[in-house]
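A.B. asks: Numbering-wise, our numbering comes out as the position in the sequence shown, counting from 1, plus 3.
Just dropping this structure here.
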Amino acid sequence: MTYQLTNEEKISIINQHLKNLSLSRYSIEIGKMEAAAVLTPEQLAGTSYDSQLQEIDLKISALTTELTELSE
Numbered sequence: 004m005t006y007q008l009t010n011e012e013k014i015s016i017i018n019q020h021l022k023n024l025s026l027s028r029y030s031i032e033i034g035k036m037e038a039a040a041v042l043t044p045e046q047l048a049g050t051s052y053d054s055q056l057q058e059i060d061l062k063i064s065a066l067t068t069e070l071t072e073l074s075e
């Protein structure tokens with residue numbers, strides 16, 4: 004027997020993922036702040052904080068689009 008998730012269940016799962024992504028994003032921002040305190044601007048530019056933040060933003064955007072579609 005195959006169980007089909009309801010839209011409410013799907014929305015709940017997406018919201019959990021969005022929360023986790025938001026927590027991850029904030030953690031990366033804190034890490035970047037800490038690194039900025041001890042690294043030169045040139046050294047900080049060589050880190051992957053910005054690319055990690057961009058990746059999370061793309062994931063959040065994709066999930067937000069899916070959430071909007073499920074809510075219609």
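The beta-carbon is built from N, C-alpha and C at its ideal position, and this holds for glycine as well.
(1) Do the region 9–26 and the region 42–55 meet, that is, are 3 or more Cβ pairs less than 8 Å apart?
(2) Just the Cα atoms here: how many angstroms apart are GLU45 and LEU70?
(3) Does DSSP put LEU8 in a helix, in a strand, or in coil?
C.D. replies: The answer reads as follows:
(1) The answer is no - the region 42–55 does not touch the region 9–26, with fewer than three Cβ pairs under 8 Å.
(2) GLU45 and LEU70: Cα-Cα distance of roughly 39 Å.
(3) LEU8 carries a coil assignment under DSSP once its states are collapsed to helix, strand and coil.
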